[in-house]
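Trainee:
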Amino acid sequence: MRLSDMKVGMRIGLGFAAVLLMSGLLGLLSISRLGLIQASVSDLASNWMPSIKAISEIDDKVQSIRRLELRMCLLETVSEVQSVMETIKSTREKDLPKLISVYVPLIASPEEEAAWNAAKAKIDAYLAVQDRLIEQRKAGNRAEYQATVVGDSLKTVDEASSALAKVVSINEGGAAASYAEAKSTYDSVRLTLMVLLALQLVAGGLVAMFLTRNTVDPLQRMVSVAERVAGGDLGVDVDTSRRDEFGRLALALEDMRQSLNRSIGTVRSSAESIALSSSEVAAGSSDLSARTEQMASSLEETSATMQTLSETVRQNADATRQATGLARDASQVAEQGGAVVGRVVGTMEEINTSSRKISDIIGVIDGIAFQTNILALNAAVEAARAGEQGRGFAVVAGEVRSLAQRSAEAAREIKSLIGTSVDKVDAGTRLVAEAGQTMQELVQAVQRVSHIIEDISRATQEQSVSLSEVGQAVNRLDEVTQQNAALVEQSSAAAESLRDQAAQLSAAVSGFKTA
């Protein structure tokens, strides 16, 4: 497979893979070398420095025991001496063995082990001399104690310190060696990394140049083809020999060029057809615009007529509403008159009843007068029988009889008059009843007239509403017709514009060079 036929993604992937491979090798080398440095530093940190620290602390403990010996030379009381001895004992039995147990596992070489054994022997020799000092102090031999302190004790403690210093020197030498090894490894790794980094930069630059050249050159050729097609040259040749993405892009450009070539031909013929059709549409739109204007004029006249008719019906509806109000008022007045006549009929019936009762009462009075007359007659007869003693009573009885006779005559006259009045009241009651019946019929007739007028009013209002709706519909139709007229004018203008644009399109298409 040729390199130019390889896909762009594969070429870029290979280039980056090479760069990443070099970076990986550089990283692995760095990690391996850093492991060596870490080992040296770890040995320095975990062995040599802790050993130096432990030996120094052992020497400090030995010297502290020596200082406690010197202090006992100055003490007088037994309690103070005993306290110092307890401190020495604690240091020898606890602190010193603990520090020795920390150091011994850190011994790293036979030389260090031999030096430590010698130092340990010197420390044991010093501690043996110290045991003798303590016995001397307990025995109270201060002179021997002081002589031993400045003699054997001083000698053995100095020998122990010198031996410990030798052990420290061995550990310091080991620490210096570890540091030197770590520094040497660092210098070697630094130089190697610099060389490999330079090689990586050079290789990366070469890969970048290769990828750029194999990507930009064909892309520039495709851009040149696209620019010529954009300039109207549809006869440009396109190189489609590559098999990568740029080859597929070249095939797509070639397909686009051929499609544009066919489309431009189609657009050119379509533009000519559009120009012809737009001319015919413009002529038809002008004719339609004239007819639409005539229709709009007719609708305006119809709208005016409907408005006049609607106004007339509205006036009739107003008049009908007024007649309905008058009929309703007349119905109410007739109803009120019927109610008054009804009350008059009731009053006449009550008068008739009262007159009959008065007639009955007059009859009772007439009966009473008759009985009074009889009683007066009987009283006159009895007075006549009484003779001279009943004369005065006879006179009174005569007067009473005369009064009773006049009362009877007056009662008969009143009864006669009341009878005549009752007859007239009966006649008036009948007339009033007939008038009440007539008023009821009049009220019913007025109510029927009122209902008819209300029906006419509602029908007139409905006609008015219907005419108003018809007028509104005509107005809307007029508006729609006006809008149609405007649209027809716009359509005519659009047709003219379309014809102009078709001419411009033909001119624009003519600028393309087809194959």
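Residue numbers (the working numbering): 1372 to 1886. Idealized CB from N, CA, C, for every residue including glycine.
(1) Expressed to the nearest angstrom, what Euclidean distance is found between the alpha-carbon atoms of Q1703 and R1819?
(2) Report yes if the CB atom of A1740 is closer than 8 Å to the CB atom of A1775, and no otherwise.
(3) D1430 and S1533: beta carbons closer than 8 Å?
(4) Starting from V1609, trace the alpha helix (DSSP H) both ways and give me its first and last residue.
(5) Apply the 10 Å Cβ neighbour rule to D1700 and answer buried if 16 or more other Cβ atoms are within range, or exposed otherwise.
(6) Excluding the five sequence neighbours on either side, which residues of its own chain have a C-beta within less than 8 Å of the C-beta of V1433, listed in chain order?
(7) Would I1423 and V1539 be called neighbours here (beta carbons separated by less than 8 Å)?
(8) Check whether the stretch 1507 to 1518 touches the stretch 1479 to 1491, taking contact to mean three or more Cβ pairs, one atom from each stretch, closer than 8 Å.
(9) Look at V1609 and E1625 and say whether their C-beta atoms are less than 8 Å apart.
(10) Can you give me the C-alpha to C-alpha distance between G1738 and E1812, rounded to a whole angstrom?
(11) Enumerated in chain order, which unbroken segments of the beta strand (DSSP E) with a length of 3 residues or greater are wholly contained in the stretch 1412 to 1481?
(12) Around the Cβ of G1545, are there at least 16 other Cβ atoms within 10 angstroms (buried) or fewer (exposed)?
(13) Kindly indicate which three-state DSSP category N1512 falls into: helix, strand or coil?
(14) In this structure, how does DSSP classify R1614 when only helix, strand and coil are distinguished?
(15) Inspect the beta-carbon positions of L1748 and R1783 and report whether they are closer than 8 Å.
(16) State buried or exposed for D1605, treating a residue as buried only when at least 16 other CB atoms are found within 10 Å of its CB.
(17) Less than 8 Å between the C-beta atoms of L1567 and L1391, yes or no?
(18) Is it the case that the stretch 1622 to 1642 contacts the stretch 1858 to 1877, given that we only count it when at least three CB pairs across the two stretches are under 8 Å?
(19) Is the stretch 1455 to 1466 in contact with the stretch 1434 to 1445, if contact means three or more CB pairs nearer than 8 Å?
(20) Taking the straight line between their C-alpha atoms, what separation do you get for G1890 and A1844?
(21) Taking CB distances under 8 Å as the criterion, tell me whether Q1434 reaches chain B.
Mentor: Here's the rundown:
(1) 13 Å
(2) Yes. Within cutoff.
(3) no
(4) Unbroken run through V1609: none, as it is neither H nor E.
(5) exposed
(6) Taken in chain order, the residues that qualify are L1467, I1494, Y1497, V1528, A1531, S1532 and L1535.
(7) yes
(8) With a cut-off of 8 Å, the stretch 1479 to 1491 and the stretch 1507 to 1518 do not count as touching, because too few Cβ pairs lie within range.
(9) yes
(10) The alpha-carbon atoms of G1738 and E1812 are separated by roughly 48 Å.
(11) none
(12) The residue is buried, with at least 16 neighbouring Cβ atoms inside 10 Å.
(13) coil
(14) Residue state, collapsed to three classes: coil.
(15) no
(16) Looking at the sequence provided, one finds Leu at residue 1605 rather than Asp. Answer is buried; the Cβ neighbour count reaches 16.
(17) Not a contact, by the Cβ cut-off of 8 Å.
(18) yes
(19) yes
(20) In the structure as shown, the chain begins at 1372 and stops at 1886. Residue 1890 is therefore absent and cannot be evaluated.
(21) No chain B appears in this structure, which consists of one protein chain only.
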